[in-house]
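What follows is a single structure, written as C-alpha cells, with notes after it.
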Amino acid sequence: MMQINVAFCNRPSYDNPLGGDAIQMLKTKEWLEILYGIHISIITHPNELTVNFNIVHVFNFATYEITNGFVEKAHQLGIPIISSCIYWDYSYSIPPLHYFMGYPSHIGKFSVLFYRFLYKNVTAFLKRPRGVSREFKKYTQKFIDYSHFILPNSIEEGNLLLDFAGIKKADKIRVVYNGVELKDTQILPPELFFSKYKLPKDYILQVGRIEYLKNQLNLLYALREHINIPIVFIGQISDAKYGKRLHEIAQKRGNVFFLNKVPHDEIASFYHYAALHVLLSLRESPGLVSMEAAAQGCPIVISTSEYLPKKTYFSKAPYVVDPLDISVIEQVLLQAYQERKKFDLNIKDFSWSNVAAQTYDVYKEVMDKTY
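Residue 374 is where the sequence shown ends in the working numbering, and the numbering goes up by one at each step.
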C-alpha cells in the first residue's frame, strides 16, 4: 500500500456550525486513515500548502473565494487537485426579498419560481445571488479545469454541475457517495429520553439548521390545523429573521418544540422515537439527516428530485413530496404519520468504509498517472 500525503482543504469556519461538507470531510478522513493509512492534514489557509503533499483535496465549490485560494496555490505548486464539489441547483434555495421584507407564513411555489427566473436573468450583470451568479459559474469552470477529478455525491449532482458550468465532457467525474454513520448507537431508554427532553410521544422530527433552505415554515404551515401532532425541530438558527418568523408561527400553533443542540451520541435516540423525520428542503446533496433517520429505522418524508439526488439515494422512498405544495405536503404527511412505512437504505453502498474505498480508488488513479 502506497504512502499518500493529502491536504483536505476547507473554509476556516468549517466546524462552526458543522455542516454537511465538514461531516463528509471529517468522516472521509477518519476512514481513509483507518483503512488505508493515508496521512491527511486539514488545511484552512492556502499558505499551509507545501510540495510535501501528494494530493490537494478541496471541499465545497460554493465558498468559491476560499476554494480558489487553495486551487491556485496547489496549481502553482504542481500538486494534483481532487474536488468534492458538493453542488446542487442553488436557484430554488436562495432567499428572495423575504429576507429584507420579512418572511411570510409559508414559502409558495409561484414566488420561488418567479425569483428563480429573475435570478437567472439578473446574474448576467450582477455578482449576486452568489449561488447562481456569473462569477460562481466562472470559478466553477476554473475548478473543473484545474482539477484532475471531480467527486460529486451522485451522477445527478455531476450532471447538474457540468450543465451549470456549460461543460459537456464528463471524463473527470468520479462519483463518491455520501456516507451515513452505521455504528451501533446506544438508544436512551424511553423513560430517560422523554423525561430528559420533556417531549411528547409520536412527534414529527426535523433535524437541521433553521433557515430558508431547510423550509421548516412549510412543514409547520401544512400541519397548522393538526395541532394534535407534535413537531420537534433540532438545529441552530442560522437566519435570525427566518428563525424569528418560525418561532412566531410555532407559538401560535402550539405543540412545537425547539432544541438548539443535543449531544451527538444522543441524536439517534431522537430518530428512534420519532414517528417521522421530515425534510422539505429546497436543496440537498443528498440530505445526510434523511439518511441518518432511515438508517435508524425512522420513516422519512423527502422532497422531489428537483431538490436532491433521489434516484441515487432514495429511489424507493415511499413518501416524496413537492416541498412548495402545501396541500400535497399536508396530505402526504398525514398519510405517512398514519402508515409509517420505513425506507430500507442500502447500508452497504452508503457506509463510510465504502466512501473511503471509492475515494482511495481515485487517489490511486491520480498517483498512478502522476508519480
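Cβ coordinates follow ideal geometry from the N, Cα and C atoms, glycine included.
Cβ pair residue i, residue j closer than 8 Å
| i | j | result |
| --- | --- | --- |
| Ser272 | Leu311 | no |
| Val335 | Gly211 | no |
| Gln6 | Tyr180 | no |
| Gln219 | Leu195 | no |
| Thr47 | Phe146 | no |
| Tyr224 | Ser114 | no |
| Tyr90 | Glu160 | yes |
| Gln43 | Val9 | Position check: residue 43 holds Ile in this sequence, whereas Gln was assumed. Yes, the Cβ-Cβ distance between Ile43 and Val9 is below 8 Å. |
| Tyr142 | Tyr245 | no |
| Phe346 | Ile303 | yes |
| Lys264 | Gln239 | yes |
| Ala339 | Leu282 | no |
| Gln299 | His267 | no |
| Pro289 | Asn156 | yes |
| Lys140 | Phe167 | yes |
| Arg256 | Arg227 | yes |
| Ile45 | Phe11 | yes |
Assigned exposure category for residue i - 16 Cβ within 10 Å defines buried
| i | result |
| --- | --- |
| Phe117 | exposed |
| Ala77 | buried |
| Glu214 | buried |
| Lys344 | exposed |
| Lys217 | buried |
| Pro192 | exposed |
| Asn57 | buried |
| Ser94 | buried |
| Thr53 | exposed |
| Ile97 | buried |
| Ser16 | exposed |
| Ala243 | exposed |
| Tyr122 | buried |
| Asp92 | buried |
| Thr315 | buried |
| Ile237 | buried |
| Gly81 | exposed |
Own chain residues within Cβ distance below 8 Å of residue i, not counting five before or after
| i | result |
| --- | --- |
| Ala277 | Tyr206, Ile207, Leu208, Val235, Ala296 and Cys301 |
| Asp325 | Lys112, Ser306, Thr307, Val331 and Ile332 |
| Ile359 | The sequence shown places Ala at residue 359, not Ile. Around Ala359: Thr31, Trp34, Leu35, Ile37, Leu38 and Tyr39. |
| Asp352 | Tyr180 |
| Asn410 | Residue 410 falls outside the range modelled here, since the chain spans only 4 to 374, and no answer is possible. |
Which residues DSSP lists as bridging residue i, in chain order
| i | result |
| --- | --- |
| Leu348 | Looking at the DSSP assignment, Leu348 forms no beta bridge with any residue, so it has no partner. |
| Cys12 | Ile46 and Val61 |
| Gln27 | Answer is none; Gln27 lacks a bridge partner. |
| His280 | Leu208 and Ile303 |
| Asn235 | First, the amino acid is wrong: residue 235 is Val here, not Asn. DSSP, once it has assigned bridges, lists Leu208 and Phe260 as partnering Val235. |
| Ile213 | Ile240 |
| Leu21 | Asp18 |
| Phe152 | Ile85 |
| Val115 | None; Val115 has no bridge partner. |
| Ile176 | Ile153 |
| Val324 | Ser306 |
Beta-carbon contacts of residue i that lie in its chain and below 6 Å, excluding the five residues immediately before and after
| i | result |
| --- | --- |
| Gly72 | Pro49 |
| Trp355 | Lys30, Trp34 and Gly182 |
| Thr188 | Ala271 |
| Phe62 | Asn13, Asp24, Met28 and Ser87 |
| Tyr106 | Tyr245 and Arg248 |
| Pro20 | Gln239 |
| Leu154 | Ser87, Arg177 and Val179 |
| Pro321 | Lys344 |
| Pro233 | Pro203, Tyr206 and Asn258 |
Contacting residues, own chain, Cβ-Cβ under 7 Å from residue i (five flanking each side not counted)
| i | result |
| --- | --- |
| Ile110 | Asn218, Leu220, Asn221 and Leu327 |
| Glu269 | Leu191 |
| Ile329 | His109, Asn221, Tyr224 and Ala225 |
| Asp18 | Ala25 |
| Thr373 | Pro83 |
| Ala253 | Leu223 and Val259 |
is_contact[residue i, chain E] using C-beta, thresh 8 Å
| i | result |
| --- | --- |
| Pro15 | Of the chains in the structure shown, none is chain E; there is only one protein chain. |
**Request:** Evaluate the contact criterion for the stretch 171 to 180 versus the stretch 190 to 205: three or more CB pairs, one atom per stretch, below 8 Å.
**Result:** Taking a cut-off of 8 Å for Cβ pairs, the stretch 171 to 180 and the stretch 190 to 205 do not touch, as fewer than three such pairs fall below it.
**Request:** Take every Cβ of the stretch 82 to 92, pair it with every Cβ of the stretch 363 to 374, and state whether three or more of those distances are shorter than 8 Å.
**Result:** The answer is yes - the stretch 363 to 374 touches the stretch 82 to 92, with three or more Cβ pairs under 8 Å.
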